[in-house]
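Protein chains in written order, with my numbering: chain A, 1 to 319; chain B, 1 to 319; chain C, 1 to 319; chain D, 1 to 319.
Take a look at the structure set out below.
Protein chains: 4
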Amino acid sequence: MMRSNRRLAALTTLGASLGLAASLAFAQQANWHPSKWGAKDEIGAANYLTPERAAAAAKLVKTGKVYSLGIEVTPDTPAFPPRGCKLYIVQPGQHAGATLGETKTSYNDDILNCWVGIGSQLDGLGHIGIDNVYYNGVHAKDFVDSTGLKKYGIEKVPPMVTRGVLLDMAGYLGVDVVKEGTAFNKAEIEGAARKQGVEIREGDVVLFHTGWLSLIDKDPKRYGSVEPGLGKEGALYLVGKGVVAVGADTWGLEVLPFEKGVGVFEVHQILLAKNGTYILENMNTAPLAQDKAYEFMFVLGQNKYKGAVQSMINPVAIR
Amino acid sequence: MMRSNRRLAALTTLGASLGLAASLAFAQQANWHPSKWGAKDEIGAANYLTPERAAAAAKLVKTGKVYSLGIEVTPDTPAFPPRGCKLYIVQPGQHAGATLGETKTSYNDDILNCWVGIGSQLDGLGHIGIDNVYYNGVHAKDFVDSTGLKKYGIEKVPPMVTRGVLLDMAGYLGVDVVKEGTAFNKAEIEGAARKQGVEIREGDVVLFHTGWLSLIDKDPKRYGSVEPGLGKEGALYLVGKGVVAVGADTWGLEVLPFEKGVGVFEVHQILLAKNGTYILENMNTAPLAQDKAYEFMFVLGQNKYKGAVQSMINPVAIR
Amino acid sequence: MMRSNRRLAALTTLGASLGLAASLAFAQQANWHPSKWGAKDEIGAANYLTPERAAAAAKLVKTGKVYSLGIEVTPDTPAFPPRGCKLYIVQPGQHAGATLGETKTSYNDDILNCWVGIGSQLDGLGHIGIDNVYYNGVHAKDFVDSTGLKKYGIEKVPPMVTRGVLLDMAGYLGVDVVKEGTAFNKAEIEGAARKQGVEIREGDVVLFHTGWLSLIDKDPKRYGSVEPGLGKEGALYLVGKGVVAVGADTWGLEVLPFEKGVGVFEVHQILLAKNGTYILENMNTAPLAQDKAYEFMFVLGQNKYKGAVQSMINPVAIR
Amino acid sequence: MMRSNRRLAALTTLGASLGLAASLAFAQQANWHPSKWGAKDEIGAANYLTPERAAAAAKLVKTGKVYSLGIEVTPDTPAFPPRGCKLYIVQPGQHAGATLGETKTSYNDDILNCWVGIGSQLDGLGHIGIDNVYYNGVHAKDFVDSTGLKKYGIEKVPPMVTRGVLLDMAGYLGVDVVKEGTAFNKAEIEGAARKQGVEIREGDVVLFHTGWLSLIDKDPKRYGSVEPGLGKEGALYLVGKGVVAVGADTWGLEVLPFEKGVGVFEVHQILLAKNGTYILENMNTAPLAQDKAYEFMFVLGQNKYKGAVQSMINPVAIR
């Protein structure tokens with residue numbers, strides 16, 4: 001179905017109507033594999049990461065102010081059902097306060113029973129597929145195992161050390177919290193970038209600030225059921241720019257309710273499955289927006305549990 | 001016991017015999033709380049982190065080469081008993097390959113049943129205590145809860161963006177793998193630093209390369225039961241230097257078997273409980289040693305699960 | 001402390017004032033170990049179970065009507081904090097509906113991340129202690145291990161096949177739901193037994209019906225914070241009778257708020273620690289009460305996870 | 001495929017060649033749904049359980065000797081991959097030996113991270129399907145949910161109180177341990193029953209003793225990879241008899257390697273999916289065989305975790 005001529009035609013028309021060049025990204029939408037990095041590639045847009053870009057990102061650091069983009073997670077953090085997370089603190093071998101050795105060592109240890117996709121997270125390329133077919137056209141039956149993915153495990157993603165760009169959509173729209181259902185497409189992205197005086201370049205990590213994260217405690221139900229976010233055209237636009245990852249201060253990056261005529265998590269499909277572009281969710285962007293920090297060094301080293309679909313993260317912005 | 005005059009006297013003598021100035025760090029050993037950052041402090045040596053040091057660290061980046069210091073973790077990764085880790089891959093709501101919506105979205109999700117202290121890890125200040133008393137003199141009964149620490153939770157630790165220093169002890173000792181039981185004390189630390197032409201400064205993260213991590217697959221039993229590592233004098237020396245964290249390519253940083261006259265995990269006690277100095281374990285230092293990368297920008301943003309004792313990590317070195 | 005003369009005196013006086021003979025059970029309260037079954041005994045009142053009693057219980061079966069005394073458990077079942085339970089259904093190796101072999105075998109499997117003490121449960125003798133000392137005077141440090149009890153593991157408890165007795169306290173008190181804080185002591189137990197025309201004998205399992213379980217869905221907060229139940233004198237009385245186990249249709253058997261002058265879960269201490277008498281919680285007694293089934297064959301075979309403190313259960317009553 | 005005429009013909013021929021009447025059970029094999037208990041039925045052969053049969057079973061009790069048919073489970077118990085089980089013992093709110101209240105209550109609690117299908121277990125009707133279609137023709141997509149089955153949850157199975165029959169196949173074959181790959185079909189079942197002087201009746205639970213369980217510690221690899229057990233013809237034979245459940249002292253009941261021409265776990269398909277007949281695994285039958293206890297009262301009350309596929313169990317035999 002995804003390769004039908006009719007659909008290709010429709011997308012070509014869409015591309016034309018958007019006034020976009022017939023970019024490789026667009027051509028890929030109907031016939032999306034092999035990926036532009038070859039049929040064996042497992043890291044997608046992380047191929048854009050280069051030492052040159054890392055070195056250039058380091059040059060963006062002026063004051064050394066550091067931003068922790070990860071949010072705190074608790075058992076009550078809203079998450080896409082049936083996700084949840086529990087932590088247990090234990091004191092192995094120290095029952096009733098017993099200690100170890102002459103210097104009376106005590107210790108606490110901890111156990112997580114946790115869905116990985118909770119709080120601030122990096123979606124790997126094995127997260128979302130199209131009719132059970134994932135990035136680079138690999139079918140679920142060929143890489144999904146009950147105890148870990150045999151391809152696209154999160155451990156494969158190299159550290160992201162590159163230029164980060166914040167698009168303050170709340171500021172652009174003149175609100176504290178962008179309304180649910182507000183889609184960020186070409187016009188909004190270009191508008192916000194122009195207003196801020198930043199451009200989006202190949203190899204960037206782009207983060208949207210919407211203010212939505214401020215609802216996580218105040219109205220967790222609203223927070224977790226809808227959101228403003230990236231639209232389908234906007235996703236194609238950013239893919240065309242060659243970004244490594246797109247993130248937001250929302251639980252799922254893409255706009256919800258979904259745009260008219262756009263499928264269930266189709267923006268995820270476009271980014272992850274079709275283009276190998278990573279997604280960053282629940283990013284704590286407010287301090288960046290507050291400081292008008294629109295450009296910064298972005299550093300993410302995610303946990304490397306082998307075969308994991310995704311990772312709980314805490315990326316660092318420095319400027 | 002820890003505050004007895006006799007012990008204070010002994011430590012003062014030890015300090016003198018080591019040729020060290022009677023630093024605050026030393027004075028603290030017998031009467032170790034309140035901490036030098038006050039009785040309420042919860043982050044210890046992370047207080048050494050400053051924007052200036054972050055900016056200076058960014059200036060160390062020349063080529064932009066990036067090193068992922070975290071190791072891959074699997075269910076077979078050796079860990080301090082009874083620690084272990086299991087991952088499950090699931091496809092919620094997609095039984096028998098069912099998909100979501102018109103664009104036929106499929107997705108994988110994952111669940112971790114995992115001790116947090118596995119693979120590459122950051123030990124928080126609530127990890128190790130002395131007779132149930134932890135950093136800043138806080139008793140276990142006053143901050144340990146079964147579902148999360150009420151103080152010293154790992155989410156409190158700010159991102160570590162600072163200068164990293166590698167001490168290649170294997171290279172210094174002319175071996176591929178430093179033998180278990182080999183203690184790194186003042187002489188070895190200064191010797192290696194001198195050979196490499198680096199100095200250790202306040203605010204640094206210091207990593208030892210020993211080659212020990214190469215045994216993790218080849219001889220997991222040997223790997224996990226003993227190790228070369230930091231000695232007691234060496235720990236006091238580094239504390240005296242004002243480092244933020246000390247790490248190694250071993251499972252527990254400190255030398256095992258423990259040095260003669262040194263208690264069970266007493267080096268952990270000195271670093272974490274007495275001085276608030278963080279510990280980084282199972283650091284993948286081999287590529288740094290290979291490149292003679294003795295000085296680099298170190299960036300660590302750990303997951304912020306609230307109340308966790310520690311975190312699985314993947315710090316990034318950039319130079 | 002537990003052995004002080006003053007306390008012994010107090011208990012002796014209590015015994016006298018209750019008009020009870022100075023039974024072994026009472027004498028044990030101040031000096032409660034070794035147990036009446038010897039210092040090495042690990043099964044307590046399960047020693048009362050005999051083939052004769054099992055055979056006699058089978059003779060109570062007349063119509064063959066079977067009662068399932070276990071309740072259904074879900075993630076929402078109220079439980080003593082921080083207890084909870086999660087179940088995951090998975091289809092290992094069958095991604096996207098793939099099947100096994102020529103006859104196309106599909107299968108579901110399931111994973112529990114669950115505190116054991118949830119729903120209908122059997123408390124083992126390692127559950128409750130007195131100042132870290134448990135049944136038969138064994139200190140926590142001598143049998144508690146992080147991955148399983150080295151004594152009193154639930155696997156040690158033999159199947160309970162014996163006479164069951166229901167005391168319908170709601171019926172006795174003429175209410176649908178007995179009010180929280182209502183203590184069942186000698187007078188109430190004897191009163192209800194007399195009204196029903198049953199006697200309590202050595203080797204019995206005694207279950208109280210209070211109607212409280214009907215609140216589990218209707219008012220889970222009230223359900224889980226207080227309850228009617230066994231009082232201290234009542235516990236001593238039943239111990240004196242030589243019962244194997246005492247249960248109720250409440251989450252914790254004993255009356256809450258605790259009786260005046262009675263300690264936190266002191267009834268648990270009396271039953272489990274001091275006398276090796278088992279506790280059965282969240283028993284679905286309503287169908288028995290409805291049928292006026294006051295005497296029946298009671299059969300319980302609990303899961304034998306080695307070293308577990310307790311077990312989720314579903315005892316069977318037959319009459 | 002399952003309903004093809006060719007297959008029906010083949011099965012009819014098989015039925016004839018076995019000398020069996022064309023029972024409903026057989027007729028169902030090709031066109032196996034709706035079940036004989038109607039299209040809405042969720043409990044299958046548990047419909048054979050009646051008060052009369054429970055009462056008759058109680059009459060089998062003569063001496064009152066009780067047998068615990070469940071085995072002990074530990075983290076090392078071999079299980080069908082990737083199954084496994086971990087238990088953690090914790091002391092909530094009692095850090096460093098702190099106690100609760102004036103009577104100094106201490107307590108241990110426990111957490112299971114455990115696949116349910118481990119050790120002695122009851123397979124529910126949602127466990128095994130045919131091309132994603134389960135008992136009564138229900139498709140996986142219509143009842144399988146990630147957090148619990150919406151049909152066939154193990155909580156639906158009523159307590160099994162009925163006549164139990166042991167077939168001592170090791171005794172019949174004159175060996176201690178029946179060899180892997182040995183199939184129990186009509187001839188072997190009838191032969192063993194005749195030798196023992198017992199008959200198999202509607203409503204029975206039939207258990208095979210093979211001695212295989214003695215390998216669980218001695219040779220866990222052999223234990224878990226193959227087994228003697230029920231053959232396809234034998235399964236159809238027992239279904240024809242109207243048994244409630246079939247069990248064995250093996251991990252998977254059915255013979256492995258599978259019989260020639262028999263599919264992967266096809267005996268499971270015949271019993272569970274096609275006929276709603278329950279399976280009991282890892283039954284500790286040796287003490288029954290030792291006592292020549294061929295007929296007994298069988299009582300099983302399994303944990304009622306809602307929506308679970310199966311249950312860890314400890315059935316009780318009494319005679």
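Ideal Cβ placement from N, Cα and C applies to all residues, glycine included.
Per DSSP, the continuous beta strand (DSSP E) segment holding residue 163(B) begins and ends at 160-168. A direct Cα-to-Cα measurement between residue 278(C) and residue 70(D) gives close to 20 Å. Using a CB distance cut-off of 9 Å, residue 78(A) does not count as an interface residue toward chain B. Residue 147(C) has a beta carbon lying within less than 9 Å of a beta carbon in chain B. For residue 149(C), the secondary structure class from DSSP, reduced to helix, strand or coil, is coil. Here residue 72(B) is buried. Its C-beta has 16 or more other C-beta atoms within 10 Å. With respect to chain C, the C-beta atom of residue 129(B) has no partner C-beta closer than 9 Å.
Bounds of any alpha helix (DSSP H) do not take in residue 67(D); it lies within the beta strand (DSSP E) bounded by 66-68. Of the residues 195(C), 154(C) and 203(C), the one whose Cα lies closest to the Cα of residue 164(C) is 203(C). Against chain A, the beta carbon of residue 90(C) has neighbours under 8 Å at 146, listed in chain order. When rounded, the separation of the alpha-carbon atoms in residue 100(C) and residue 254(B) is 50 Å. By the C-beta density criterion, residue 219(A) is exposed, having fewer than 16 other C-beta atoms within 10 angstroms. Counting along the chain, the unbroken alpha helix (DSSP H) around residue 225(C) starts and ends at 220-225. For the C-beta of residue 247(B), not a single chain D residue is nearer than 8 Å; the gap to the nearest is close to 28 Å. Annotation: the continuous beta strand (DSSP E) that includes residue 86(A) extends over 85-90. Interface with chain D (9 Å Cβ-Cβ cutoff): residue 209(A) is excluded. Within the stretch 304-315 of chain B, 304, 305, 306, 307, 308, 309, 310, 311, 312, 313, 314 and 315 place their CB atoms closer than 9 Å to a CB of chain A, listed in sequence order.
Residue 129(D) has 106(C) as its beta-bridge partners, per DSSP.
Any Cβ of chain D closer than 9 Å to the Cβ of residue 35(C) would place that residue at the interface, and such an atom is absent.
The Cβ of residue 268(D) sits no closer than 9 Å to any Cβ of chain B. In summary, residue 176(D) is exposed, with fewer than 16 beta-carbon neighbours lying within 10 Å of its beta-carbon over all protein chains present. DSSP places residue 135(A) outside any alpha helix (DSSP H), giving it a letter other than H or E. Here residue 37(C) carries a coil assignment [DSSP, helix/strand/coil]. The beta-carbon of residue 132(C) is placed less than 9 Å from the nearest beta-carbon of chain A. Under the DSSP assignment, residue 295(C) falls outside any alpha helix (DSSP H), being part of the beta strand (DSSP E) whose first and last residues are 295-300. When Cβ-Cβ separations below 9 Å define contact, residue 196(A) makes no contact with chain B. Contact check for residue 284(A) against residue 48(A) fails: the beta carbons are separated by 9 Å or more. Taking C-beta atoms as the reference points, residue 160(D) and residue 198(D) fail to come closer than 9 Å. The stretch 161-215 of chain A contains, as complete beta strand (DSSP E) runs of 3+ residues, the segments 205-209 (chain order). Under the DSSP definition of a beta bridge, residue 311(D) partners with 122(D).
Bridge partners of residue 230(D) according to DSSP: 184(D) and 254(D). The Cβ atoms of residue 145(A) and residue 209(A) lie no closer than 9 Å to each other. If you draw a straight line from the Cα of residue 156(A) to the Cα of residue 314(A), it comes to about 18 Å.
DSSP places residue 288(B) in the uninterrupted alpha helix (DSSP H) bounded by 286-290.
In the structure shown, the three-state DSSP call for residue 47(C) is helix. Cβ contact annotation for residue 185(D) (same chain, cutoff 6 Å, sequence separation greater than five): 231, 233 and 234, in chain order.
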